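Undergrad:
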Amino acid sequence: MVRDYTTALEYLQTFERKDGLSVHELMDSKTRGGLTYNDFLVLPGKIDFTSSKVGLNTKLTKKISLHAPFVSSPMDTVTESEMAIHIALLGGIGIIHHNCTPEVQAEMVRKVKKYENGFINHPKVISPRVTVGEAKAMKQQFGFAGFPVTESGELNSKLIGIITSRDIQFVEDDSLPVSEIMTKEVVTGSQGITLSQGNDILKSTKKGKLPIIDSNGNLVSMLSRTDLMKNKNFPLASKSATTKQLLCGATVGTMPADRERLKLLAEAGLDVVVVDSSQGNSVFQIEMIKWIKENFTEIEVIGGNVVTREQAASLIAAGVDGLRIGMGTGSICITQEVMACGRPQGTAVYNVCSFAKEFGVPCIADGGVQNIGHITKALALGASTAMMGGMLAGTAEAPGEYFYRDGKRLKAYRGMGSIDAVQKTDARGNAATSRYFSENDDVFVAQGVSGSVVDKGSIHKFIPYLYNGLQHSLQDIGVQSLQDLNERVYSGEVRFEFRTASAQLEGGVHNLYSYEKRLHN
Ligand code: IMP
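Under full-length UniProt numbering, the sequence shown has 209 at position 209, and the numbering climbs by one with no breaks.
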């Protein structure tokens with residue numbers, strides 16, 4: 001007998017088991033071994049909202065919240081100040097690498113913290129003797145022209161004019177000194193005015209730049225209209241609630257010298273420090289975490305990397321505010337091959353997150369993310385954020401110059417445990433990083449490779465692509481927020497399916513003669 005169609009939902013309730021597997025059944029490694037993101041899928045739920053309604057707010061650490069779950073890896077081909085500034089503007093956070101001197105790293109942090117601070121405290125200043133040709137070259141170099149002119153050509157000297165694009169655009173004689181063509185009637189603000197007063201002057205006078213002068217007419221800082229516009233265009237920006245500065249993270253190692261490094265980073269305004277180690281469960285890291293918690297109460301501490309509950313427990317007991325999960329799954333990584341240590345990332349994320357959740361410690365799924373689906377899966381398994389290296393390498397904001405090979409525009413991307421990265425020396429000839437080597441190692445055993453990735457354009461397109469993709473993905477699962485996802489996964493309501501090798505092939509593009517994989521417009 002065929003049942004009446006109107007009873008379908010009722011009939012469903014009579015089944016003892018829900019379709020698919022709960023996360024706990026899926027991740028039972030006794031029966032299935034360690035799983036990677038590609039080994040399973042999330043089953044679709046019910047859609048009763050639009051994808052734009054899906055919220056992606058999350059936690060990086062106990063105290064730091066973000067509007068988007070994206071973290072850029074602390075690698076010297078991924079995160080320096082440019083990446084950290086722009087990913088923070090888009091709702092994520094950048095972790096600045098420490099493969100450089102403490103001073104250089106602190107300066108990078110300072111740049112992020114000063115960005116969009118409203119007042120530009122170190123504007124590019126020129127002297128009246130600079131030529132029009134030189135000013136045009138500066139415009140090319142810095143991408144803007146709005147240089148205040150002071151008597152000495154330095155800050156804290158008498159302001160005598162300003163040079164803007166319009167002043168130099170149609171001047172053909174490049175040898176003229178700027179003093180002959182600069183705007184001498186400059187609208188200025190007085191030292192001590194508030195940001196909103198300065199903004200009001202910029203708006204009412206329709207000027208691009210507002211030099212700020214002290215009572216003697218000396219230039220002390222500047223406000224820029226472009227910064228005002230940036231303020232408006234980034235509603236998701238990750239900012240400190242009190243200072244309104246962008247949030248910034250950075251790594252340190254676990255050597256005694258790293259304590260001095262952290263002091264400089266703290267002075268530069270660091271919000272969160274990541275103790276960088278490929279195997280985080282060490283007495284050195286535990287001591288470092290305790291020392292940081294005692295001495296820098298304002299800075300959040302992320303420990304790692306870990307892949308087991310036992311490792312996580314050590315670092316949680318030491319007082320971490322967040323954990324970083326992953327060993328040997330990064331795209332440039334050969335750790336599992338060389339060290340025989342590590343864990344498939346899906347299994348690592350599930351085990352550590354389900355443990356850390358009990359202590360309110362948010363986790364970062366670090367490494368192995370190749371597409372939006374992997375981010376969804378990391379979050380579904382319990383991570384609060386995803387850390388990406390290879391995904392963000394090759395963007396305009398990643399360090400390094402583009403180069404061409406085989407007709408493709410590329411940027412270098414390398415593991416921090418690659419011979420290339422480890423042999424990088426600072427200006428004084430000191431090798432910098434210690435993540436993969438001990439002080440007294442005289443033979444380097446590489447744990448990473450050095451290569452290249454294709455140009456991905458700006459993260460101002462790429463991160464919104466990830467963001468929108470994630471919203472659609474959560475919509476398919478039938479959850480409206482990351483918190484909702486987490487709760488419904490752990491309660492067993494959101495279901496999973498294991499994927500056989502042939503199911504994985506089926507889920508990829510197949511049987512085409514040729515195709516082009518473009519990910520966004
Ligand atoms: P990806 O996003 O898959 O490219 O992986 C990036 C992650 O790999 C980083 O965040 C680090 O955790 C890790 N990693 C960076 N350098 C190395 C290395 O040389 N060997 C192993 N893992 C690395």
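For glycine and all other residues, C-beta sits at the position ideal for the given N, C-alpha and C.
Here the structure is a predicted model, which is why all the values come from computation and not from measurement.
Per DSSP, Lys-59 forms a beta bridge with which residues?
TA: For Lys-59, which the question treats as bridged, DSSP gives the partners Ser-65.
Undergrad: Does ligand 1 have even one heavy atom less than 8 Å from the beta-carbon of Gln-423?
TA: Gln-423 Cβ: outside cutoff for every heavy atom of ligand 1.
Undergrad: Where do the ends of the alpha helix (DSSP H) carrying Val-109 lie?
TA: Here the alpha helix (DSSP H) through Val-109 covers 102-114.
Undergrad: Does ligand 1 have a heavy atom nearer than 8 Å to the CB of Gln-311?
TA: No, Cβ of Gln-311 sits at least 8 Å from all heavy atoms of ligand 1.
Undergrad: Consult DSSP for Pro-211 and reduce its assignment to one of helix, strand or coil.
TA: Strand.
Undergrad: Tell me whether Ile-332, by its Cβ, gets closer than 8 Å to a heavy atom of ligand 1.
TA: Because some heavy atom of ligand 1 lies under 8 Å away, the Cβ of Ile-332 counts as near it: yes.
Undergrad: List the residues that DSSP assigns as beta-bridge partners of Arg-414.
TA: DSSP lists Ser-450 as partners of Arg-414.
Undergrad: Let me check understanding here. Comparing Cα to Cα, which of Tyr-413, Leu-323, Leu-56 and Glu-180 lies closest to Asp-484?
TA: That would be Leu-56, whose Cα lies nearest to the Cα of Asp-484.
Undergrad: Using a Cβ-based criterion (distance less than 8 Å to any ligand heavy atom), does Gln-447 qualify as near ligand 3?
TA: Ligand 3 is not part of the structure shown, which contains ligand 1 as its ligands.
Undergrad: Are Ile-160 and Ser-179 touching if we call contact CB-CB under 9 Å?
TA: Contact flag set, yes.
Undergrad: Assuming Leu-379 is part of the alpha helix (DSSP H), what are its boundary residues?
TA: Run containing Leu-379: 372-380, per the alpha helix (DSSP H) assignment.
Undergrad: Run through the DSSP bridge pairs and tell me what Glu-497 is partnered with.
TA: DSSP output for Glu-497 lists Leu-41 as bridge partner(s).
Undergrad: Please go through the same chain and pick out, in chain order, the residues whose beta-carbon is closer than 8 Å to the beta-carbon of Gly-319, but skip the five residues on each side of it.
TA: Closer than 8 Å at Cβ, skipping near neighbours: Ile-289, Lys-290, Lys-293 and Val-301.
Undergrad: State the DSSP-derived secondary structure class of Ser-240, mapped to helix, strand or coil.
TA: Of the three classes helix, strand and coil, the one that applies to Ser-240 here is coil, per DSSP.
Undergrad: Below 8 Å, is the gap between the Cβ of Met-138 and the nearest heavy atom of ligand 1?
TA: No, the beta carbon of Met-138 sits no closer than 8 Å to any heavy atom of ligand 1.
Undergrad: Excluding sequence positions up to five away, which residues of its chain have a Cβ less than 8 Å from the Cβ of Glu-401?
TA: Hits under 8 Å: Lys-411.
Undergrad: Applying the criterion that 16 or more other CB atoms from any shown protein chain within 10 Å of the CB defines a buried residue, is Gly-429 buried or exposed?
TA: Reliability fails at Gly-429, whose pLDDT of 47 lies under 50, so the model's placement of it is uncertain and no value is given.
Undergrad: Grab me the residues of Pro-148's own chain with a C-beta within less than 7 Å of its C-beta, minus the 5 sequence neighbours each way, in chain order.
TA: For Pro-148, where only same-chain residues beyond five positions count, the Cβ hits under 7 Å are Pro-123, Val-125, Leu-159, Ile-162, Pro-211, Leu-219 and Met-222.
Undergrad: Rounded to whole angstroms, what is the Cα-Cα separation between Tyr-465 and Glu-25?
TA: Near 32 Å, if we compare the C-alpha coordinates of Glu-25 and Tyr-465.
Undergrad: Report buried or exposed for Glu-358, applying the criterion of at least 16 other Cβ atoms within 10 angstroms of its Cβ.
TA: Label assigned to Glu-358: exposed.
Undergrad: Please return the same chain residues whose Cβ sits closer than 7 Å to the Cβ of Ala-501, not counting the five positions on each side in sequence.
TA: Once the five neighbours on either side are set aside, Ala-501 has no close Cβ partner at all.
Undergrad: Report yes or no: is there a C-beta of chain C within less than 9 Å of the C-beta of Asn-486?
TA: Judged by its chain identifiers, the structure shown contains no chain C, having just a single protein chain.
Undergrad: Considering only their Cβ atoms, is the gap separating Ser-22 from Phe-498 smaller than 9 Å?
TA: Taking 9 Å as the Cβ cut-off, Phe-498 and Ser-22 do not qualify as a contacting pair.
Undergrad: Determine which residues share a DSSP beta bridge with Phe-70 and list them.
TA: Partner(s): Ala-386.
Undergrad: Within this structure, are the beta carbons of Val-306 and Val-274 separated by less than 9 Å?
TA: No, Cβ-Cβ distance for Val-306 and Val-274 is not below 9 Å.
Undergrad: Output the residue ranges of the beta strand (DSSP E) runs that lie fully inside the segment 107-183 and measure 3 residues or longer, sorted by chain position.
TA: List check, beta strand (DSSP E) in window: 146-150 and 159-164.
Undergrad: Compute the beta-carbon to beta-carbon distance between Gly-94 and Gly-249, rounded to the nearest angstrom, for a pair I have assumed lies under 8 Å.
TA: Correct: roughly 7 Å between the Cβ atoms.
Undergrad: Expressed to the nearest angstrom, what Euclidean distance is found between the alpha-carbon atoms of Val-112 and Ser-72?
TA: Rounded to the nearest angstrom, the two C-alpha atoms are 14 Å apart.
Undergrad: How would you call Ser-277, buried or exposed, if buried means at least 16 neighbouring beta carbons within 10 angstroms?
TA: With 16 or more Cβ atoms within 10 Å of its Cβ, Ser-277 is classed as buried.
Undergrad: Would you mind working out which of Lys-207, Phe-49 and Glu-487 sits nearest Gly-382, comparing C-alpha positions?
TA: The shortest C-alpha separation from Gly-382 is found at Glu-487.
Undergrad: Please indicate yes or no: does the CB of Ser-418 lie closer than 8 Å to some heavy atom of ligand 1?
TA: Because some heavy atom of ligand 1 lies under 8 Å away, the Cβ of Ser-418 counts as near it: yes.
Undergrad: Between which two residues does the beta strand (DSSP E) harbouring Asp-366 extend?
TA: From DSSP, the beta strand (DSSP E) with Asp-366 extends over 363-366.
Undergrad: Which word fits Phe-462, buried or exposed, when buried means at least 16 other C-beta atoms lie within 10 angstroms of its C-beta?
TA: The residue in question, Phe-462, is buried, as its Cβ has 16 or more Cβ neighbours within 10 Å.
Undergrad: Could you tell me which residues DSSP pairs with Asn-99 in its beta bridges?
TA: DSSP lists no partner for Asn-99.
Undergrad: Quick test of the definition: if touching needs 3 or more C-beta pairs under 8 Å, does the segment 355-371 touch the segment 47-54?
TA: Touching, no, given that fewer than three Cβ pairs across the two stretches are closer than 8 Å.
Undergrad: Contact check, Gly-208 vs Ser-224 under 8 Å by CB: the rounded distance?
TA: Indeed they touch by this definition, with Cβ atoms about 7 Å apart.
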